[in-house]
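Novice:
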Amino acid sequence: MTDLVLTNRRLSPATKRTLSLFARYATIIGLALMLLAFSALSPKAFPTLGNFTNVINQASLAMIIAGGLTLAVIVGELDLSIGFAASLHGVLVTGLIVRHGLPIPAAIVLILLAGALIGLVNGLIVTKIRVNSVIATLGVGTILTGLSFAYSAGVPIVAGVPEAFLQISLGRWLFGIPNNIVIMVGVLGGLWLLVEKSAIGQEIQAVGGNPAAARLAGINVDRIKILGFVLSGICAALTGILLASRLGSGTTSAADSYLLTAFAAVFLGSATLRDGEFHIIGTFVGALIIAFGFNGLNIFGAPTFSQYVFQGAILIVAVGLSSLGRQMAEN
Amino acid sequence: MTLPFLTAEGMWKSFGGAQALKGVSIDLRAGEVHGLVGANGAGKSTLIRILAGLVRPDKGEIHVDGKLAAIDTPHQATGFGMNFIHQDLALVPSMTVLQNIMLGTAKKSRFGLVDWPTIAREVAPIAARVGIRASLDTKVRELSTAESWLVSISRALVHKAQLIVMDEPTASLSVGESERLFDIIADLAASGVAVLYVSHRLDEILRLCDRVSVFRDGASIDCLDRARLSRRALVEAIVGHRETTEAPIVRRRPEGAPLLTIAGLARRPKVNGVSFSLHRGEVLGIGGLVGAGRSELVRLIYGADRVDSGSMTLDGKPFAPRNSTEAYRAGIGLVPEERRAEGLLLQKSIAFNLSLANLRSLTLSSVLPIMSGRKRNELSRDTVRELAIKTGSIHTPVGRLSGGNQQKVVIGRWLRRQPRILILDEPTRGVDIGARAEIHRLIRKLAVDGMAVLVISSEPDELPDLCDRVLVMADGKIVSELAGEGISRASIVAASYADQAA
Numbered sequence: 003m004t005d006l007v008l009t010n011r012r013l014s015p016a017t018k019r020t021l022s023l024f025a026r027y028a029t030i031i032g033l034a035l036m037l038l039a040f041s042a043l044s045p046k047a048f049p050t051l052g053n054f055t056n057v058i059n060q061a062s063l064a065m066i067i068a069g070g071l072t073l074a075v076i077v078g079e080l081d082l083s084i085g086f087a088a089s090l091h092g093v094l095v096t097g098l099i100v101r102h103g104l105p106i107p108a109a110i111v112l113i114l115l116a117g118a119l120i121g122l123v124n125g126l127i128v129t130k131i132r133v134n135s136v137i138a139t140l141g142v143g144t145i146l147t148g149l150s151f152a153y154s155a156g157v158p159i160v161a162g163v164p165e166a167f168l169q170i171s172l173g174r175w176l177f178g179i180p181n182n183i184v185i186m187v188g189v190l191g192g193l194w195l196l197v198e199k200s201a202i203g204q205e206i207q208a209v210g211g212n213p214a215a216a217r218l219a220g221i222n223v224d225r226i227k228i229l230g231f232v233l234s235g236i237c238a239a240l241t242g243i244l245l246a247s248r249l250g251s252g253t254t255s256a257a258d259s260y261l262l263t264a265f266a267a268v269f270l271g272s273a274t275l276r277d278g279e280f281h282i283i284g285t286f287v288g289a290l291i292i293a294f295g296f297n298g299l300n301i302f303g304a305p306t307f308s309q310y311v312f313q314g315a316i317l318i319v320a321v322g323l324s325s326l327g328r329q330m331a332e333n
Numbered sequence: 059m060t061l062p063f064l065t066a067e068g069m070w071k072s073f074g075g076a077q078a079l080k081g082v083s084i085d086l087r088a089g090e091v092h093g094l095v096g097a098n099g100a101g102k103s104t105l106i107r108i109l110a111g112l113v114r115p116d117k118g119e120i121h122v123d124g125k126l127a128a129i130d131t132p133h134q135a136t137g138f139g140m141n142f143i144h145q146d147l148a149l150v151p152s153m154t155v156l157q158n159i160m161l162g163t164a165k166k167s168r169f170g171l172v173d174w175p176t177i178a179r180e181v182a183p184i185a186a187r188v189g190i191r192a193s194l195d196t197k198v199r200e201l202s203t204a205e206s207w208l209v210s211i212s213r214a215l216v217h218k219a220q221l222i223v224m225d226e227p228t229a230s231l232s233v234g235e236s237e238r239l240f241d242i243i244a245d246l247a248a249s250g251v252a253v254l255y256v257s258h259r260l261d262e263i264l265r266l267c268d269r270v271s272v273f274r275d276g277a278s279i280d281c282l283d284r285a286r287l288s289r290r291a292l293v294e295a296i297v298g299h300r301e302t303t304e305a306p307i308v309r310r311r312p313e314g315a316p317l318l319t320i321a322g323l324a325r326r327p328k329v330n331g332v333s334f335s336l337h338r339g340e341v342l343g344i345g346g347l348v349g350a351g352r353s354e355l356v357r358l359i360y361g362a363d364r365v366d367s368g369s370m371t372l373d374g375k376p377f378a379p380r381n382s383t384e385a386y387r388a389g390i391g392l393v394p395e396e397r398r399a400e401g402l403l404l405q406k407s408i409a410f411n412l413s414l415a416n417l418r419s420l421t422l423s424s425v426l427p428i429m430s431g432r433k434r435n436e437l438s439r440d441t442v443r444e445l446a447i448k449t450g451s452i453h454t455p456v457g458r459l460s461g462g463n464q465q466k467v468v469i470g471r472w473l474r475r476q477p478r479i480l481i482l483d484e485p486t487r488g489v490d491i492g493a494r495a496e497i498h499r500l501i502r503k504l505a506v507d508g509m510a511v512l513v514i515s516s517e518p519d520e521l522p523d524l525c526d527r528v529l530v531m532a533d534g535k536i537v538s539e540l541a542g543e544g545i546s547r548a549s550i551v552a553a554s555y556a557d558q559a560a
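If you're matching them up, the sequences are chains A and B in order.
When you read off a place in the first sequence, starting at 1, and then add 2, the result is the number in this note's numbering.
When you read off a place in the second sequence, starting at 1, and then add 58, the result is the number in this note's numbering.
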């Protein structure tokens, strides 16, 4: 008698199937329609290889941080610290190079480790002290912002950033593909392999899908959740580093807004191709939609306020679609 | 005879492949206590859930006060004057008795604020009538289970319920508390309320009920009135002349040193000093009433809870799992009672669910921990074939399977891993008879092949069909050990109730 499932919606199986199909492809159809509309409205500026490369290059950082967040939400938790963490990492990585004279690779490795450490702390607070992940990561994120101010006094670290560091983000690779895109593809590819194809990935999915069942099947639920936070932390660090390289400076709060973008991408993604299930490819598609949306707004010279409206609206639409998808799956 | 308050006619309902109701009917009159009995899986819960607006029937009509009633939501059910008191009471522990009684009822207000003093004055006589002794300001958290029941009944009365449905109300009540509840039920009926009383406890049914409906396998078998009501008539109707569909098993005697020994294991108040041993190759059953402490005992063995005192040895070595991962590593597998909530990922495929306990053996190589789709499909197809899981494809989401096939998936997960001890909690609850026999055969085979199997079951019929030895628990202690010829439905039931009579 404990599994009282509410089945109030009276839908025929055929209607359900159609709706479910529509829901799965709605985001992709939306993306296609948006691309068509922008191309029709601005045939010169929008549908060019240059613009597309540019949009994806710009979106790469959001995609990396959203990829990490995807891991955290797959294991059933939320990580609100990522934006603040990425800002701090941007400040620290430039600081390590400029102020402390560390070689660039050493600074990067240190920062990635710091990202993992922050994820570990998040994970331990959530699994061992059992603080709700929203509160835990919000608290940790706020502390990180404080640390960032303590280190830089809120003043951007600009002077003396070496050209080689800037080239990480500005450089191009084979066939002139921007480095950011290469790194993003590498990170998302790796995460996809981990989640979908590896043995640990099965455990990650099981922990998010039904922690009780996972525990009884011998899976160490706490460890998997911590792993989700650690990966989220590392991706946030990487985004912070790349942003500092792109901006040529370490600026307090520079990456804070990635938090909302990442959440919108992850939830849009969960409504893409699957019924409200978080997955890496979905996150990629979600981030693309947001990136092209902003690009369109820019090209048409939409005023600043509309960008905020777009950002907020897309977040709500994303979570709404994701939740609808899950209802479909349950009925 | 007056018009019935509620009639439900020709109710059909299937879940996935399983037919839960095959045209049951029932009519409930104002002022009567109407019993509803039937073995587990007979369809009682499904009917109640339909009446409560939680589940929609596939076919069938419900009339309330002679008018056709569509009950689509719990809210509408309340609107028709029905009130449901479930085993796990829908109360908010952190709120007071008064707040809980008034939950979901429009409250009187003055200047837009809830006028609690006036409400309290109105509720007080109702609370007194059902026998709530605690102050209305007491938090429900501080009440006993019995008093929580009384709060739920008060709420039904405040709602002016004309039908109150009680599901196993005495399952967690003491004898004295039950007596008080019976008085209240009689009082309710006398005041014109219809009471639908669902219980496995025939003594209570015989004592309380004016008429008793009997369900079996999703069909209405009989509706017995006072004149025809007797224990024998009820048992015959519940069991039917079911020739044991399952071939009798050859009970084996445990041999050699025990694999698992348990000495004085306790986690109060549910487990109060349990000792027994489990041998390789035997199926050991643990019977008893709901709430006797069996599931709590299993949680201790599986490391899900910590023990207060007592010890265990596994294969002669001390065994004290700190969490379920340790128990799993030590070679213990668990098929949980709540298979949907704790055993399966319903949206995921059969293959995904089957591979869960076997991930390490399904990778491309031990160095490269990438899942091998081929190995996984092979394992899944083998298991599906071996257990005769009825499905079109191994990629079907588990949630679409019938209860019996879902359970086979949970059990199938452990086949490849071959744990030393397999614990099954209510292995055939909600499973149809055919699948039940198959699951029983499978469990026997695992034991014959050398596994030690521990089966928990509330169905007295199940353990005789399955076990080499049976322990009966009551109040967190083992009150009886049965073996060989001594194992029967009657002996298990007698032992389960032995403690209560005292």
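Beta carbons: idealized from backbone N, C-alpha and C, even for Gly.
Output the distance between the C-alpha atoms of T65 (chain B) and T203 (chain B), rounded to the nearest integer angstrom.
Specialist: As a position in the second sequence, residue 65 (chain B) is number 7, starting the count at 1. As a position in the second sequence, residue 203 (chain B) is number 145, starting the count at 1. Near 32 Å, if we compare the C-alpha coordinates of T203 (chain B) and T65 (chain B).
Novice: For V150 (chain B), which residues of its own chain have a beta-carbon under 8 Å away from its beta-carbon, when the five flanking residues on both sides are left out?
Specialist: Here residue 150 (chain B) refers to the residue found at position 92 when the second sequence is read from its first residue. Contacts found: Q157, N158, L161 and V198.
Novice: Listing by chain order, which chain B residues have their CB less than 7 Å from the CB of I202 (chain A)?
Specialist: As a working note, residue 202 (chain A) is residue 200 in the first sequence. Listed along chain B, the residues sitting closer than 7 Å to I202 (chain A) by beta-carbon distance are P427.
Novice: Answer with buried or exposed for D526 (chain B), where buried requires no fewer than 16 other C-beta atoms within 10 angstroms of its C-beta.
Specialist: By one-based count along the second sequence, residue 526 (chain B) stands at place 468. Result: buried.
Novice: Quick check on this structure: which residue in A:Q204, A:I291, A:I120 and A:G92 has the alpha carbon closest to the alpha carbon of S171 (chain A)?
Specialist: For the purposes of this step, residue 171 (chain A) is identified with residue 169 of the first sequence, where counting begins at 1. S171 (chain A) has its Cα closest to that of A:G92, out of A:Q204, A:I291, A:I120 and A:G92.
Novice: Go to L94 (chain B), then tell me how far its beta strand (DSSP E) extends in each direction, as first and last residue.
Specialist: Looking up residue 94 (chain B) in the second sequence gives position 36. Note, L94 (chain B): beta strand (DSSP E), V91 to V95.
Novice: Assuming contact is defined by CB atoms lying nearer than 8 Å, are I42 (chain B) and L529 (chain B) in contact in what I supplied?
Specialist: No information on residue 42 (chain B) is available, as it lies outside the stretch 59 to 560 that chain B covers here.
Novice: So which residues on chain B does G211 (chain A) lean against when the C-beta distance must stay under 8 Å?
Specialist: Counting from 1 along the first sequence, the entry for residue 211 (chain A) is found at position 209. Going along chain B in sequence order, the residues near G211 (chain A) (Cβ under 8 Å) are L403, Q405 and K406.
Novice: Can you tell me whether F296 (chain A) is buried or exposed, with buried defined as 16 or more other CB within 10 angstroms of its CB?
Specialist: The residue you call residue 296 (chain A) lines up with position 294 of the first sequence. When all chains shown are included, F296 (chain A) counts as buried.
Novice: For E79 (chain A), is the classification buried or exposed, using 16 other Cβ atoms within 10 angstroms of its Cβ as the cut-off for buried?
Specialist: As a first step, residue 79 (chain A) must be located in the first sequence, where it is residue number 77. Classification of E79 (chain A): buried, given that the 10 Å Cβ count is 16 or more.
Novice: CA-CA distance, R378 (chain B) and L260 (chain B)?
Specialist: Here residue 378 (chain B) refers to the residue found at position 320 when the second sequence is read from its first residue. Here residue 260 (chain B) refers to the residue found at position 202 when the second sequence is read from its first residue. Before going on, a small fix: residue 378 (chain B) reads as Ala here, not Arg. Rounded to the nearest angstrom, the two C-alpha atoms are 41 Å apart.
Novice: Going by the DSSP bridge assignment, what does N330 (chain B) pair with across the sheet?
Specialist: As a working note, residue 330 (chain B) is residue 272 in the second sequence. According to DSSP, residue pairing for N330 (chain B) in a beta bridge involves B:A324.
Novice: Run through DSSP, which three-state label would W194 (chain A) get?
Specialist: Along the first sequence, one-based indexing puts residue 194 (chain A) at 192. W194 (chain A): helix per DSSP, three-state reduction.
Novice: If you measure from the beta carbon of K199 (chain A) to each beta carbon in chain B, is any gap under 8 Å?
Specialist: Sequence index remark: in the first sequence, residue 199 (chain A) carries index 197 (1-based). Judged by the 8 Å Cβ criterion, K199 (chain A) is in contact with chain B.
Novice: Check the Cβ-Cβ distances between N300 (chain A) and every residue of chain B, and say whether any is below 8 Å.
Specialist: Translated into the one-based positions of the first sequence, residue 300 (chain A) becomes position 298. Judged by the 8 Å Cβ criterion, N300 (chain A) is not in contact with chain B.
Novice: By the 10 Å Cβ neighbour count, where 16 or more other Cβ atoms means buried, how is S549 (chain B) classified, buried or exposed?
Specialist: One-based indexing of the second sequence puts residue 549 (chain B) at position 491. With 16 or more other Cβ atoms within 10 Å, it is buried.
Novice: Closer than 8 Å is the cut-off here; do at least three beta carbon pairs connect the region 67-78 of chain A with the region 274-290 of chain A?
Specialist: yes
Novice: Should N416 (chain B) and V456 (chain B) be called a contact, given that it needs their Cβ atoms to be closer than 8 Å?
Specialist: As a first step, residue 416 (chain B) is located in the second sequence; it is residue number 358 there, counting from the start. As a first step, residue 456 (chain B) is located in the second sequence; it is residue number 398 there, counting from the start. No, the pair does not count as a contact, with Cβ atoms beyond the cut-off.
Novice: State the Cα-Cα distance for the pair I408 (chain B) and S154 (chain A), rounded to the nearest angstrom.
Specialist: Residue 408 (chain B) sits at position 350 when you count from the first residue of the second sequence. Residue 154 (chain A) sits at position 152 when you count from the first residue of the first sequence. Cα to Cα, the separation comes out at about 54 Å.
Novice: How about G389 (chain B) and R478 (chain B): are their beta carbons less than 8 Å apart?
Specialist: As a working mapping, residue 389 (chain B) is identified with position 331 in the second sequence. As a working mapping, residue 478 (chain B) is identified with position 420 in the second sequence. It is a contact, given that the beta carbons lie within the stated cut-off.
Novice: Give every residue of the same chain whose Cβ lies closer than 8 Å to the Cβ of L266 (chain B), excluding the five residues on either side of it in the sequence, and list them in chain order.
Specialist: The residue labelled residue 266 (chain B) in the question sits at position 208 within the second sequence. Excluding positions up to five away in sequence, the list reads V91, G93, F240, I243, A244 and Y255.
Novice: Hey, out of A:I183, A:D81 and A:G173, whose CA is closest to V57 (chain A)'s CA?
Specialist: Here the question's residue 57 (chain A) lines up with position 55 in the first sequence. Per the Cα distances, A:I183.
Novice: Whose Cβ in chain A lies nearer than 7 Å to the Cβ of Y386 (chain B)?
Specialist: Sequence index remark: in the second sequence, residue 386 (chain B) carries index 328 (1-based). Residues of chain A passing the Cβ test: G220.
Novice: Count the other C-beta atoms from every protein chain shown that fall within 10 angstroms of the C-beta of Y310 (chain A), then say buried if there are 16 or more, exposed otherwise.
Specialist: Within the first sequence, numbered from 1, the residue matching residue 310 (chain A) stands at position 308. The residue in question, Y310 (chain A), is exposed, as its Cβ has fewer than 16 Cβ neighbours within 10 Å.
Novice: At 7 Å on the CB atoms, spell out the chain B contacts of A208 (chain A), in chain order.
Specialist: As a working note, residue 208 (chain A) is residue 206 in the first sequence. The answer, in chain order, is L403 and L414.
Novice: Out of B:T163, B:T196 and B:A248, which one is the CA nearest neighbour of M153 (chain B)?
Specialist: For the purposes of this step, residue 153 (chain B) is taken as residue 95 along the second sequence, with counting starting at 1. The shortest Cα separation from M153 (chain B) among B:T163, B:T196 and B:A248 belongs to B:T196.
Novice: In three-state terms, what does DSSP make of T421 (chain B)?
Specialist: Residue mapping note: residue 421 (chain B) aligns to position 363 of the second sequence, counting from 1. T421 (chain B) falls in the strand class under three-state DSSP.
Novice: Run through chain A and tell me which residues come within less than 9 Å of E517 (chain B), C-beta to C-beta.
Specialist: Within the second sequence, residue 517 (chain B) is the residue found at index 459, counting from 1. The contacting residues do not exist; E517 (chain B) stays about 16 Å from chain A at best.
Novice: Just tell me which of A:S325, A:P45, A:V77 and A:F48 has its CA closest to the CA of I206 (chain A).
Specialist: If you number the first sequence from 1, residue 206 (chain A) lands on position 204. Taking only the C-alpha atoms, the option nearest I206 (chain A) is A:V77.
Novice: Using the beta-carbon count (16 or more within 10 Å), is T254 (chain A) buried or exposed?
Specialist: Sequence index remark: in the first sequence, residue 254 (chain A) carries index 252 (1-based). When all chains shown are included, T254 (chain A) counts as buried.
Novice: By the criterion of Cβ-Cβ separation under 7 Å, what are the contact partners of L417 (chain B) in chain A?
Specialist: Locating residue 417 (chain B) in the second sequence gives position 359, counting from the first residue. Those are A201, Q204 and E205, listed as they occur along chain A.
Novice: Enumerate in chain order the residues of its own chain whose CB-to-CB distance from P215 (chain A) is below 8 Å, with the five nearest sequence positions on each side excluded.
Specialist: Within the first sequence, the letter at position 213 stands for residue 215 (chain A). Looking at the sequence itself, residue 215 (chain A) is Ala, so the reference to Pro does not match. Closer than 8 Å at the Cβ level, and outside the excluded window around A215 (chain A), lie A208.
Novice: Looking at the secondary structure, which residues open and close the beta strand (DSSP E) in which V160 (chain A) lies?
Specialist: On the first sequence, residue 160 (chain A) is found 158 positions in, with the first residue counted as 1. Taken as a continuous stretch (DSSP letters only), V160 (chain A) belongs to no beta strand (DSSP E), as it is neither H nor E.
Novice: Measuring alpha carbon to alpha carbon, tell me which residue in A:L262, A:A28 and A:L21 is nearest T274 (chain A).
Specialist: Counted from its first residue, the first sequence places residue 274 (chain A) at position 272. Among A:L262, A:A28 and A:L21, the Cα nearest to that of T274 (chain A) belongs to A:A28.
Novice: Since V133 (chain A) is in the beta strand (DSSP E), which residue starts that stretch and which ends it?
Specialist: Start at 1 with the first residue of the first sequence, and residue 133 (chain A) comes out as number 131. Looking at the DSSP string, V133 (chain A) is not in any beta strand (DSSP E), and its letter there is neither H nor E.
Novice: Compute the distance between the beta-carbons of I159 (chain A) and G121 (chain A), then report whether it is under 8 Å.
Specialist: Within the first sequence, numbered from 1, the residue matching residue 159 (chain A) stands at position 157. Within the first sequence, numbered from 1, the residue matching residue 121 (chain A) stands at position 119. In this structure, I159 (chain A) sits away from G121 (chain A), with a CB-CB distance that is not shorter than 8 Å.
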